[in-house]
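Going line by line, the protein sequences match chains A and B. Taken in order, the first sequence gives residues 43 to 398; the numbers are from the working numbering. Taken in order, the second sequence gives residues 43 to 398; the numbers are from the working numbering.
Number of protein chains: 2
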Amino acid sequence: MNKKHPNRKQPTLSDIAASVGVTPMTVSRVINESGYVSDETREKVLLAAKEMNYRRNGLARALKRQSTETVGLVLGDISNPYSTELARAVRETLFNRGFSLFICISEHSAKEDVVAFESLADHSVDGIIVATRSNEGGDEYLRGIVESNIPVVVIGRDFQHEEVDFVSPDNFKGGFEATQHLIDLGHKRIAFVGANLKGGSSLKRLQGYLKALTEHEIEIDERLITGRNEDVSEIPGYSTEEIGFEGMKRLLSLPNPPTALFARNDFTAIGAMSAIKEAGLSIPEDIAIVGFDDVSLALRTSPPLTTVRQPMRLEGQLAAEMLVERIESKERLPRRERILNCELIVRESTGLRKRQ
Amino acid sequence: MNKKHPNRKQPTLSDIAASVGVTPMTVSRVINESGYVSDETREKVLLAAKEMNYRRNGLARALKRQSTETVGLVLGDISNPYSTELARAVRETLFNRGFSLFICISEHSAKEDVVAFESLADHSVDGIIVATRSNEGGDEYLRGIVESNIPVVVIGRDFQHEEVDFVSPDNFKGGFEATQHLIDLGHKRIAFVGANLKGGSSLKRLQGYLKALTEHEIEIDERLITGRNEDVSEIPGYSTEEIGFEGMKRLLSLPNPPTALFARNDFTAIGAMSAIKEAGLSIPEDIAIVGFDDVSLALRTSPPLTTVRQPMRLEGQLAAEMLVERIESKERLPRRERILNCELIVRESTGLRKRQ
DNA sequence: AGAAACTAGGTTATCGTTAACATCATTTGA
DNA sequence: TCAAATGATGTTAACGATAACCTAGTTTCT
Chain A
43 MNKKHPNRKQ PTLSDIAASV GVTPMTVSRV INESGYVSDE TREKVLLAAK EMNYRRNGLA
103 RALKRQSTET VGLVLGDISN PYSTELARAV RETLFNRGFS LFICISEHSA KEDVVAFESL
163 ADHSVDGIIV ATRSNEGGDE YLRGIVESNI PVVVIGRDFQ HEEVDFVSPD NFKGGFEATQ
223 HLIDLGHKRI AFVGANLKGG SSLKRLQGYL KALTEHEIEI DERLITGRNE DVSEIPGYST
283 EEIGFEGMKR LLSLPNPPTA LFARNDFTAI GAMSAIKEAG LSIPEDIAIV GFDDVSLALR
343 TSPPLTTVRQ PMRLEGQLAA EMLVERIESK ERLPRRERIL NCELIVREST GLRKRQ
Chain B
43 MNKKHPNRKQ PTLSDIAASV GVTPMTVSRV INESGYVSDE TREKVLLAAK EMNYRRNGLA
103 RALKRQSTET VGLVLGDISN PYSTELARAV RETLFNRGFS LFICISEHSA KEDVVAFESL
163 ADHSVDGIIV ATRSNEGGDE YLRGIVESNI PVVVIGRDFQ HEEVDFVSPD NFKGGFEATQ
223 HLIDLGHKRI AFVGANLKGG SSLKRLQGYL KALTEHEIEI DERLITGRNE DVSEIPGYST
283 EEIGFEGMKR LLSLPNPPTA LFARNDFTAI GAMSAIKEAG LSIPEDIAIV GFDDVSLALR
343 TSPPLTTVRQ PMRLEGQLAA EMLVERIESK ERLPRRERIL NCELIVREST GLRKRQ
């Protein structure tokens, strides 16, 4: 709808009312199937509405009703299958509860986070689910949104607020178990690829990795931890496979390269596999690999990838349900946290126990 | 914003106006930086606005202004990196033109297409970019939207309307060139994996494939064309790799299996590669493969995948620009079509010329 | 010095819809 | 049989913001 196309104007309730000879209110009752309307009137109104190609003005309706029955989801990188599954689960859950979903993308930068929040707030969504990484500017704006009484649920984002629910996979435990698995197989020189010290799920996975090493009294070698301090996803065209590929190349050039590898996610693992093959080494004989996420592709790498499966659908579903509860609740609800278990899926990329 | 949380109500322009001692209109001028306001008044208003945590009501504003400066993008499967790149380009282009973007996902079914269109129309977006596959119900609803004077641009969707612009990669030519490349290498038994006879880009790629075979007088063997009539993407959890994997397995069990393969897209190709390796065959020696899209992962498969690169960023950018033109144009514009060239990227998965 | 232009506001009406209440006829129940 | 319930509308007043128009004081230019 746009005033710049004046040729035909959108008909309104009043237009229909005038053409049928009733008041706008009666037409509204017909359209919304509420209140009493005689069959005769209803039919006349419906006919006129169809003829005039009537489409209700959601803005006016929402303005009056003070609710849009719409929820916003802010995602970082949507190329990640994780985001896809999450979005799908959120959408389905919301749909069943009568809400529609708008997705905004923020490529992990504060500025874009803010833009996303702004557009959603501007459209008066009834609530927001945030699944981007934490960052200063974004957090501040988000806090303002919460103070405006817009219900918010965060997924995997480090954001503390007494009225914001939190859903996350147990990245720490997942990282711990992945590393533990490699240790159990007899590995001592275990690398971590794709560290991001700025926070987010990757940091938690790294911490789990460190904990496992420490617990088994394996010395931590910083040269085995690759990654960057900067926000890699801001480099355009720098895909997550590339992080794995380049990280692995660096590791392979060390005087004493690792015998095993835990990658921050499956795509990073795939990039690392590519580098390993390029170097003429084989998986898992020379180097064992564990990924994270269990994307569908993990089953089709050669060899199939051992990985940590996170319950993406469940995360989305829970977040959506919590948000709807908040939206529909008359009182303020206290913060709720749900940390969901991950599951180690052992495939061939870690192979058998390493001979000592 | 929701009336269900009545504890603190959102302040309005009038609230600020009252607290400062001016009219709402003056506050509006300050907020919008339009019209004349004295520095003194401006400061008082801004201070009050900040103190009261004022957030403008976009609904009321849009209702009055008859424009939301927002565009909707309807995507099918967002897990496809193609969708990601497209969305990114669209978002960036729109952002530079002062529009914000909302994405709706429709997993290719008519019902969900309609839901997506409905929510977008309901929010009075200024225009819609549609990148889902054509389907009857969706097309009908879409036509209604266009008749309501909401500007629409379609990407790769078979939808004819005199006021709807069309952007698409040249899937036909891309399919032709991919097949031509295999023929040039000496292949005669060339399979197509992932056909979808219901239309969409896959059908066009298949037609290009058929044309190339015909032109070189290679007999078309229907057993070498795998795919389904039904809409595979509606089967939950049935990923596009799976199509390639299963299709390839079927092809390998033929009495006279193909020596080359053109896959509807890169992920299908990756699935097929997995099946080929599982059967103990090698690429490209036993079977050569060409994919489509040139996703970033194509560089990291082993061997790296020969594929047809489509200009995803350009598609998104053009679509966004055309849409903005339509939105800002005072007159009706005729349909414009842009069919964009694709580029064959030769990598190792097709190897050298086949010895006869 | 007087007209024109600028500055700093205020007034009014409206965007399209609907909640809340009012009106009046027709049924229904005790 | 008459009050109460119900059915079918109409009326009024917002929801919050702003375009369009109006007022009046202050500069500026010729």
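In this text, a Cβ means the ideal position worked out from N, Cα and C, and glycines have one as well. Note that the structure is predicted; figures quoted are calculated from it, not measured.
DSSP three-state assignment for proline 346 of chain A, whether helix, strand or coil: The residue given as residue 346 of chain A occupies position 304 in the first sequence. Coil.
Could you check what DSSP says for aspartate 308 of chain B in three-state terms: helix, strand or coil? The residue labelled residue 308 of chain B in the question sits at position 266 within the second sequence. The answer is helix: DSSP assigns aspartate 308 of chain B an H, G or I state.
Does the beta carbon of histidine 165 of chain B sit closer than 8 Å to a beta carbon anywhere in chain A? Start at 1 with the first residue of the second sequence, and residue 165 of chain B comes out as number 123. By this cut-off, histidine 165 of chain B is an interface position.
Bridge partners for valine 156 of chain A per DSSP, in chain order? Here residue 156 of chain A is taken as the residue at index 114 of the first sequence, counted from 1. Paired residues: none, contrary to the question.
Using Cβ-Cβ distances below 7 Å, what residues of the segment 292 to 326 of chain A are close to chain B? Ile312, Gly313, Ser316 and Lys319
Return the chain-ordered list of same chain residues with a C-beta closer than 7 Å to the C-beta of leucine 386 of chain B, the five sequence neighbours on each side being excluded. Here residue 386 of chain B is taken as the residue at index 344 of the second sequence, counted from 1. Result list for leucine 386 of chain B: Glu219, Ala220, His223 and Val350, in chain order.
Quick check on asparagine 138 of chain B: does DSSP put it in helix, strand or coil? The residue you call residue 138 of chain B lines up with position 96 of the second sequence. Reduced to three states, the DSSP call for asparagine 138 of chain B is helix.
Chain A beta carbons: is any one of them nearer than 8 Å to that of arginine 342 of chain B? As a position in the second sequence, residue 342 of chain B is number 300, starting the count at 1. Chain A contact via Cβ: present.
Cβ-Cβ separation, arginine 380 of chain B to valine 188 of chain B (assumed contact under 8 Å), whole Å: Sequence index remark: in the second sequence, residue 188 of chain B carries index 146 (1-based). Sequence index remark: in the second sequence, residue 380 of chain B carries index 338 (1-based). With 8 Å as the limit, valine 188 of chain B and arginine 380 of chain B do not qualify as a contact, their Cβ atoms being about 18 Å apart.
Beta-carbon neighbours of arginine 97 of chain B, restricted to chain A and to distances below 7 Å: As a first step, residue 97 of chain B is located in the second sequence; it is residue number 55 there, counting from the start. Correct list: Ala163 and Ser190.
Exposed or buried, which one is glycine 333 of chain A when buried takes at least 16 other CB atoms within 10 Å? In the first sequence, counting from the first residue as 1, residue 333 of chain A sits at position 291. Glycine 333 of chain A is buried by the Cβ-count criterion.
Cα-Cα, which of B/Ser371, B/Lys372, B/Leu365 and B/Arg374 is closest to isoleucine 197 of chain B? Here residue 197 of chain B corresponds to residue number 155 of the second sequence, with the count starting at 1. That would be B/Leu365, whose Cα lies nearest to the Cα of isoleucine 197 of chain B.
Residues near isoleucine 171 of chain A in its chain [Cβ-Cβ closer than 8 Å; skip 5 each side]: The residue you call residue 171 of chain A lines up with position 129 of the first sequence. So the qualifying residues of the chain are Val113, Gly114, Leu115, Val116, Val132, Val194, Val195, Val196, Ile197, Ala361, Ala362 and Leu365.
Residue-chain proximity (valine 332 of chain B, chain A), Cβ-Cβ < 8 Å: By 1-based counting over the second sequence, the position of residue 332 of chain B is 290. For valine 332 of chain B, the answer is no, since every Cβ of chain A falls outside 8 Å of its Cβ.
Could you name each continuous alpha helix (DSSP H) segment of 4 residues or more that falls completely within the segment 178 to 249 of chain B, going from the start of the chain to the end? 178 to 189 and 213 to 226
Straight-line Cα distance separating aspartate 226 of chain B from arginine 130 of chain A: To locate residue 130 of chain A, count along the first sequence from 1; it is residue 88. To locate residue 226 of chain B, count along the second sequence from 1; it is residue 184. Their Cα atoms are separated by approximately 43 Å.
Note down, in chain order, each residue of its chain lying with its Cβ closer than 8 Å to the Cβ of serine 176 of chain B, except the 5 sequence neighbours on either side. Translated into the one-based positions of the second sequence, residue 176 of chain B becomes position 134. Only Arg199, Asp200, Phe201, Gly241 and Gly242 meet the Cβ criterion.
Beta-bridge partners of aspartate 335 of chain B, as assigned by DSSP: Taking the second sequence and counting its residues from 1, one reaches residue 335 of chain B at position 293. Looking at the DSSP assignment, aspartate 335 of chain B forms a beta bridge with B/Arg351.
My understanding is that serine 56 of chain A touches alanine 90 of chain A, with C-beta atoms under 8 Å, so please give their C-beta distance in whole angstroms. On the first sequence, position 14 is the one that residue 56 of chain A refers to. On the first sequence, position 48 is the one that residue 90 of chain A refers to. Serine 56 of chain A to alanine 90 of chain A, Cβ: 12 Å. No contact.
The ligand ATP and asparagine 99 of chain A: does any heavy atom of the ligand fall closer than 7 Å to the residue's C-beta? Annotation note on the ligand ATP: not contained in the displayed structure, which lists no ligands.
Per DSSP, which residues does glutamate 379 of chain A bridge with? Please list them. Here residue 379 of chain A refers to the residue found at position 337 of the first sequence. Paired residues: A/Phe208.
Determine, using beta-carbon pairs with one atom in the segment 257 to 270 of chain B and one in the segment 293 to 313 of chain B, whether at least three such pairs fall under 8 Å. yes
Following the continuous beta strand (DSSP E) through alanine 173 of chain A, name the residue where it begins and the one where it ends. Reading the first sequence from its first residue, position 131 is the one you call residue 173 of chain A. It spans 169 to 173 - the beta strand (DSSP E) in which alanine 173 of chain A sits, taken as one unbroken run.
Looking at the strands, I want to know which residues DSSP matches up with alanine 59 of chain A. Translated into the one-based positions of the first sequence, residue 59 of chain A becomes position 17. For alanine 59 of chain A, which the question treats as bridged, DSSP gives no partner whatsoever.
List the whole-angstrom C-beta distance separating proline 123 of chain A from serine 121 of chain B, where the pair is believed to meet the contact cut-off of C-beta under 8 Å. Along the first sequence, one-based indexing puts residue 123 of chain A at 81. Along the second sequence, one-based indexing puts residue 121 of chain B at 79. Yes, proline 123 of chain A and serine 121 of chain B are in contact; Cβ-Cβ is about 5 Å, under 8 Å.
Taking Cβ positions only, does phenylalanine 159 of chain B come closer than 8 Å to chain A? Here the question's residue 159 of chain B lines up with position 117 in the second sequence. Answer no: the Cβ-Cβ gap between phenylalanine 159 of chain B and chain A never drops below 8 Å.
Going along chain B in order, which residues have a C-beta closer than 9 Å to the C-beta of leucine 347 of chain A? Within the first sequence, residue 347 of chain A is the residue found at index 305, counting from 1. By Cβ distance, chain B contributes nothing, its closest Cβ being about 12 Å from leucine 347 of chain A, past 9 Å.
Determine the chain A residues that contact alanine 129 of chain B at a beta-carbon separation under 8 Å, and present them in chain order. Mapped onto the second sequence, residue 129 of chain B falls at position 87. Residues of chain A passing the Cβ test: Ile120 and Ile147.
Output, in sequence order along the chain, the residues in the segment 163 to 187 of chain A whose CB is closer than 9 Å to any CB in chain B. Ala163, Asp164, His165, Ser166, Val167, Asp168, Gly169, Gly186 and Ile187
Return the chain-ordered list of same chain residues with a C-beta closer than 7 Å to the C-beta of alanine 104 of chain A, the five sequence neighbours on each side being excluded. Here the question's residue 104 of chain A lines up with position 62 in the first sequence. Hits under 7 Å: Thr110 and Ser166.
Under the DSSP definition of a beta bridge, which residues are partnered with threonine 110 of chain B? Residue mapping note: residue 110 of chain B aligns to position 68 of the second sequence, counting from 1. Per DSSP, none; premise fails for threonine 110 of chain B.
CB-CB under 7 Å to isoleucine 325 of chain B, same chain, minus the five flanking residues each way: which ones, in chain order? Numbered from its first residue, the second sequence carries residue 325 of chain B at position 283. Only Met315, Ile318, Ile331, Pro345 and Ser391 meet the Cβ criterion.
Indicate the three-state DSSP secondary structure (helix, strand or coil) for isoleucine 387 of chain B in the structure shown. Along the second sequence, read from residue 1 onward, the residue named residue 387 of chain B stands at position 345. Three-state DSSP puts isoleucine 387 of chain B in a strand.
Report yes if the C-beta distance between glutamate 283 of chain B and leucine 339 of chain A is below 8 Å; otherwise report no. Numbered from its first residue, the second sequence carries residue 283 of chain B at position 241. Numbered from its first residue, the first sequence carries residue 339 of chain A at position 297. In contact: glutamate 283 of chain B and leucine 339 of chain A (Cβ atoms closer than 8 Å).
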